[in-house]
Every structure is written in C-alpha cells, then in structure tokens.
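Student:
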Amino acid sequence: MHDKNLREVAEHLDSRSISSEELTRLFLQRIDTHDAALNSMITVCAESAIQQAQVADKAIAEAGGTLSVNKPLLGVPIVHKDIFCTKGVKTSCGSRMLDNFVSPYDATVVEKLADAGTVMLGKANMDEFAMGSSNENSYFGAVGNPWDQNRVPGGSSGGSAAAVAARFCPAATGTDTGGSIRQPAAFCGLTGIKPTYGRISRYGMIAFASSLDQAGPMARSAEDCAIMLESMAGFDPRDSTSVDRPVENYRQQLVDAEQPNALQGLRIGLPEEYFAEGLDPAIATAVESAVKELEALGAVVKSVSLPNQHLCVPAYYVVAPAECSSNLSRFDGVRFGHRCESPVDLEDLYKRSRGEGFGREVKRRILIGTYALSAGYYDAYYLKAQKVRQLISDDFQQAFSEVDVIAGPATPTTAFEKNSKTDDPVSMYLNDLYTISANLAGLPSISLPCALADGLPVGLQLTANYFDESRLLKTAHSFQLQTDWHTQCPPDYV
Ligand code: GLN
89 MHDKNLREVA
99 EHLDSRSISS
109 EELTRLFLQR
119 IDTHDAALNS
129 MITVCAESAI
139 QQAQVADKAI
149 AEAGGTLSVN
159 KPLLGVPIVH
169 KDIFCTKGVK
179 TSCGSRMLDN
189 FVSPYDATVV
199 EKLADAGTVM
209 LGKANMDEFA
219 MGSSNENSYF
229 GAVGNPWDQN
239 RVPGGSSGGS
249 AAAVAARFCP
259 AATGTDTGGS
269 IRQPAAFCGL
279 TGIKPTYGRI
289 SRYGMIAFAS
299 SLDQAGPMAR
309 SAEDCAIMLE
319 SMAGFDPRDS
329 TSVDRPVENY
339 RQQLVDAEQP
349 NALQGLRIGL
359 PEEYFAEGLD
369 PAIATAVESA
379 VKELEALGAV
389 VKSVSLPNQH
399 LCVPAYYVVA
409 PAECSSNLSR
419 FDGVRFGHRC
429 ESPVDLEDLY
439 KRSRGEGFGR
449 EVKRRILIGT
459 YALSAGYYDA
469 YYLKAQKVRQ
479 LISDDFQQAF
489 SEVDVIAGPA
499 TPTTAFEKNS
509 KTDDPVSMYL
519 NDLYTISANL
529 AGLPSISLPC
539 ALADGLPVGL
549 QLTANYFDES
559 RLLKTAHSFQ
569 LQTDWHTQCP
579 PDYV
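So the mapping is simple: the numbering used here equals the position in the sequence shown, first residue as 1, plus 88.
#1: When we look at the beta-carbon of N223 and count the other beta-carbons within 10 Å, is it buried (16 or more) or exposed?
#2: Considering just the uninterrupted stretch of the beta strand (DSSP E) at V207, what are its terminal residues?
#3: Assuming L437 and R427 form a contact by the criterion Cβ under 8 Å, report the distance between their Cβ atoms to the nearest whole angstrom.
#4: Look up N233 in the DSSP assignment and give the residues it is bridged to.
#5: My assumption, with CB atoms under 8 Å, is that A374 sits in contact with I480. Please give the rounded CB distance.
#6: Looking at the secondary structure, which residues open and close the alpha helix (DSSP H) in which L382 lies?
#7: Grab me the residues of D483's own chain with a C-beta within less than 7 Å of its C-beta, minus the 5 sequence neighbours each way, in chain order.
#8: Pull up the distance between the alpha-carbon of L382 and that of G496, whole angstroms please.
#9: What are the boundary residues of the alpha helix (DSSP H) that M129 is part of?
#10: Does DSSP classify H398 as helix, strand or coil?
#11: Buried or exposed: where does E216 fall if 16 or more other Cβ atoms within 10 Å of its Cβ makes it buried?
#12: Alpha carbon to alpha carbon, how far is Y469 from A273? Give it in angstroms, no decimals.
#13: In terms of residues, what are the limits of the beta strand (DSSP E) holding V476?
#14: Between which two residues does the alpha helix (DSSP H) harbouring V252 extend?
#15: Is it right to say S54 is buried, meaning 16 or more other beta carbons lie within 10 angstroms of its own, or is it exposed?
#16: With three or more beta-carbon pairs closer than 8 Å as the criterion, would you say the segment 188–200 touches the segment 147–160?
#17: Under the criterion of a Cβ to heavy atom distance below 7 Å, does T263 qualify as lining the ligand GLN?
#18: Count the other CB atoms, across all protein chains shown, that sit within 10 Å of the CB of H574; report buried if there are 16 or more and exposed otherwise.
#19: Within the segment 273–341, note down every full alpha helix (DSSP H) run reaching 4 residues or more, in order along the chain.
#20: DSSP state of S391, grouped into three classes?
#21: Taking contact to mean 3 or more Cβ pairs, one atom from each stretch, closer than 8 Å, check whether the segment 226–237 and the segment 546–565 are in contact.
#22: DSSP on R423, reduced to helix/strand/coil?
#23: Could you tell me whether any non-hydrogen atom of the ligand GLN is closer than 7 Å to the CB of G267?
#24: Of all the options L317, L358 and V392, which has the alpha carbon lying nearest to the alpha carbon of E376?
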C-alpha cells in the first residue's frame with residue numbers, strides 16, 4: 089500500500105479496503121524504520137496523526153466513502169514542510185532560532201489541508217529558513233536522497249521530497265522561492281508545482297523573500313498535485329498578496345488529457361539559452377527526448393529566446409537576500425526566536441541571540457541583503473536587480489506571445505554528492521539556474537520526472553503564463569499517461 093500514489097490511496101480509502109488509521113500506522117512504521125538514515129523528518133506526530141485518522145475514518149463511514157462527498161483527501165496522510173506554522177506543534181523552519189517555537193496557530197495551507205481531511209504525519213526537514221539547494225543548511229542535519237544516500241535530495245524542501253520519494257507519505261507540502269519545490273522534486277523523481285505568485289496564501293508560512301515565496305504540492309504525479317493544489321489554493325484575506333480569483337477544478341480538467349492527441353496544437357517553446365554552457369549533456373538528452381514525447385502527443389515545438397536568462401541568478405541573489413535581511417530582523421531574541429543565556433545588555437542580547445540562532449548560510453544572506461539595501465548601495469544593487477527582474481518578466485511575456493508553455497531542464501545536473509558544494513556558495517547558487525526565473529516573474533512552473541541518468545532522476549520543467557496551472561498539469565499528466573518515469577521507486581524503498 090505504501091507504494092500507491094495519492095489518487096490510489098484515496099480510492100482505497102473511499103472503498104474502505106483500508107482505513108486511514110491502518111494507513112497512518114503503516115506510514116509511521118516506515119518513518120520509524122527508515123528515517124534514521126534519511127533524516128527527512130524534524131518532528132513526527134504519531135499520536136495526533138492516529139487521532140486524526142480515527143476522526144477521518146468516522147467521517148468516511150458516515151459519508152459512505154470519500155469520493156461521493158468529493159473529499160479525495162479525507163483520511164490521506166501527508167507531511168508538511170517545517171516552514172508552515174502548525175498549532176501546538178514545533179515549527180522550526182530548520183533553524184536553531186525557532187527550535188523552541190510551538191506555533192499558536194495554523195498556516196492557511198495547513199488549515200485548508202486539514203479541512204480537506206488530511207492526516208498530518210509530521211513536519212519535514214528543510215534548509216534553514218528555506219535558504220539552500222541541497223538541504224545541507226538545516227540545523228537538524230542534512231537529508232539523504234532516497235535514490236542514493238550519499239547524495240543530496242535538493243533544497244530547500246528536501247525533507248518533503250525525500251519523505252515522498254521514500255514512500256513515507258503519498259504527498260507533502262513545499263515552498264518555492266527560487267526553485268525549492270521543483271529542484272528537490274527533480275532530484276528525487278517527483279512531480280512538484282510552484283503555482284502563480286498569489287495563488288496560495290502565504291499566511292503562516294514563515295517568510296524568506298516575500299515577493300518570491302509561494303507554496304505548492306509535491307507528490308508522485310501531476311494528477312496527485314492537481315488534487316492537492318485544489319485544496320491548497322484560494323483567496324485569503326489574511327495575505328494581502330493572495331489573489332481573489334476562483335480556484336479551478338484542476339483535477340476535472342485533466343480528463344481532457346486522457347484523449348488521444350491530448351496536446352494537439354499546444355505550442356511548446358524551447359529557450360535556446362537553456363541548452364547552453366553548464367547543462368549536463370545527459371540532462372539535455374533526457375529533456376530533448378521528453379519534448380519529442382510531447383510532440384508525439386500533438387504539441388508543436390519551436391525555439392524561443394529568453395535573452396536575460398543569464399541575469400536570473402545574479403538578480404535573485406540580490407533580491408532574495410535583501411528581502412530576507414528585512415524579514416529575519418524580527419528574530420532578535422526579544423520578540424521572536426532563540427534568546428542567549430544571561431545577556432549583559434541589550435546589544436549583547438541581540439548579538440549573541442542572532443549569532444547563536446542563525447546558521448552560516450542565513451548569516452551570509454543577511455549580510456549580503458543588508459549591504460544591498462544600505463544607503464549608497466540601494467540604487468546600485470537592489471534597484472538595479474528589480475529592473476533586471478522586470479526585463480526577465482518581459483522576456484517571458486514576449487515568449488508567451490508565441491507559445492503556451494516553455495519547456496526545459498529543471499536542474500543543470502542530477503543530484504550531487506553531499507558536501508561537494510558546501511564550501512562554494514556560488515556553485516551551489518548556480519543550481520537554481522533554470523528555476524529562479526519563474527519566481528522572479530511570478531509564473532507557475534512544474535517539474536516532473538522524465539528520465540533516469542546513471543540511476544538518478546532527471547526533471548523536466550514546464551512554465552506557463554499567469555494562472556495557467558491547469559495547462560501545466562494537463563501537459564504533465566498527458567506525458568505521465570504515456571511514460572512511467574513518475575512511477576519509479578528508489579530501489580531501497582520499494
Ligand atoms: N536555492 C534557492 C536559495 O537558496 C531557492 C530556495 C527556495 O526556493 N526556497 O535561495
């Protein structure tokens with residue numbers, strides 16, 4: 089049963105061939121057996137999960153199933169990234185700063201998924217404050233990739249990705265500021281979607297870079313992501329950047345993808361800049377053959393240009409640290425966060441609390457961000473980066489006047505070895521080459537598995553125009569109906 093995807097699990101719950109309690113116990117058992125090696129979880133909520141499962145079982149019995157009442161997530165065990173506030177449960181954001189923080193309220197995403205009937209198994213490991221591409225920046229230790237424990241699962245939602253890939257749960261939540269859903273999805277052989285900025289509420293999601301942060305689902309298939317997204321998305325008056333626009337019936341729309349020639353007439357653009365220096369040839373080959381598959385389904389492929397693509401990484405690594413330096417100023421040991429022992433005065437309290445509470449990468453970003461925002465440098469760095477950001481957005485709009493979807497690799501390489509980039513932040517940042525632009529422009533983007541290279545998953549990334557999540561999910565679903573990359577399981581976790 090652990091190898092079933094979310095839709096299949098939901099069907100079993102609906103037909104009552106398994107109860108939510110049995111399922112929950114099974115996943116808890118798997119976490120217990122395997123997670124010592126992977127370290128994907130920061131907190132496991134065994135007792136409350138079983139209670140929630142019992143409540144779900146009762147509701148299922150009363151309703152006579154889950155699907156007849158259109159509650160496909162009723163009784164489904166999931167994991168939340170530890171960036172989402174969870175009432176009564178530690179919410180650490182991967183940091184010592186919040187190691188003692190038990191949230192008094194639930195994030196909107198958590199609340200919505202609980203209302204949909206999910207069971208929360210626990211909180212997933214992550215890079216500290218979501219800063220990272222390898223999950224090696226967590227105060228709670230690095231996470232292993234289920235495909236090869238000596239390799240990273242990607243970051244910052246690496247715990248969520250490892251947990252889904254290791255079959256500890258059929259789906260998990262993640263957040264994506266510069267690729268943190270798509271890159272770990274690519275490294276772990278999963279499907280993950282970052283929706284349009286504003287599609288999902290950020291309320292109760294600990295802020296990293298507020299103009300880029302967006303939550304999304306990570307699961308094994310596009311169909312599973314569609315089911316999750318439907319429950320996660322929607323307007324929230326508690327988030328001023330949340331968009332007041334009805335949520336589509338993402339799953340229902342996938343039915344079209346099941347027709348032969350499902351992608352008839354879909355215009356796919358391949359940016360020439362993506363297939364340049366830095367891309368592993370094995371990934372280029374995998375992406376090219378995935379695109380051929382889409383063509384066979386009726387899509388028309390053409391070359392497009394994103395001329396400012398080379399500026400994505402530099403622009404992001406000014407904007408994101410600038411926003412993080414501002415957001416993280418609240419963790420001062422007085423209002424929020426870890427407080428040092430016996431401070432001699434206020435300055436000592438600030439210095440030592442922040443010095444002890446934050447890890448190296450977070451400190452590096454706060455320093456870069458503070459510098460970029462300081463008087464005299466603001467115009468040269470921050471303002472300049474914002475202008476570049478506009479150019480990057482304009483490039484996409486130009487491309488979307490010719491095509492419906494932009495395809496390319498999600499990452500320049502497959503999962504790399506642990507400790508291979510920790511001393512070289514720039515080489516770490518370059519991992520985000522293909523994912524960052526969607527965040528800078530606020531566009532929806534999905535990564536789905538399209539090959540194995542030397543036994544490691546490769547991600548195909550598809551990006552669409554604003555609020556066109558449905559098209560991404562449909563395209564990915566059509567591909568997954570023809571291929572079986574998304575069903576591959578890491579050999580040690582079968
Ligand atoms: N890897 C990027 C960074 O370190 C993106 C992180 C994210 O999306 N949260 O900032």
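The beta-carbon is built from N, C-alpha and C at its ideal position, and this holds for glycine as well. None of these values were measured; they are calculated from a predicted model.
Tutor: Working from what's here:
#1: Using a 10 angstroms sphere on the CB of N223, the tally of other CB atoms reaches 16 or more, which defines it as buried.
#2: Taken as a continuous stretch (DSSP letters only), the beta strand (DSSP E) holding V207 covers V207 to A212.
#3: 7 Å between Cβ atoms; contact.
#4: Bridge partners of N233 according to DSSP: D236.
#5: Not really, about 25 Å apart at Cβ, beyond 8 Å.
#6: For L382, the enclosing alpha helix (DSSP H) stretches over residues P369 to A384.
#7: Excluding positions up to five away in sequence, the list reads L394, P395 and N396.
#8: Roughly 12 Å separates the two Cα atoms.
#9: First-last for M129: M129 to V132, but that is the beta strand (DSSP E), not the alpha helix (DSSP H).
#10: In the structure shown, H398 sits in a helix (DSSP, three-state: H, G or I).
#11: Flag for E216 reads buried.
#12: So the alpha carbons of these two residues sit roughly 32 Å apart.
#13: If you look at V476, you'll find it isn't in any beta strand (DSSP E); it sits in the alpha helix (DSSP H) that goes K472 to F488.
#14: Counting along the chain, V252 sits inside the alpha helix (DSSP H) bounded by residues G246 to A253.
#15: Outside the shown range of the chain (89 to 582) lies residue 54, about which nothing can therefore be said.
#16: Taking a cut-off of 8 Å on C-beta distances, the segment 188–200 does not touch the segment 147–160, as fewer than three cross pairs fall below it.
#17: Yes; taking the cut-off as 7 Å, the Cβ of T263 has a heavy atom of the ligand GLN nearer than that.
#18: Buried, by the Cβ-count rule.
#19: Runs found: 310–320 and 338–341.
#20: Looking at S391 - three-state DSSP - the assignment turns out to be strand.
#21: The segment 226–237 makes no contact with the segment 546–565: fewer than 3 CB pairs, one atom from each, lie closer than 8 Å.
#22: Coil at R423, not helix or strand.
#23: Result yes, Cβ under 7 Å from the ligand GLN.
#24: It is L358 whose Cα lies nearest to the Cα of E376.
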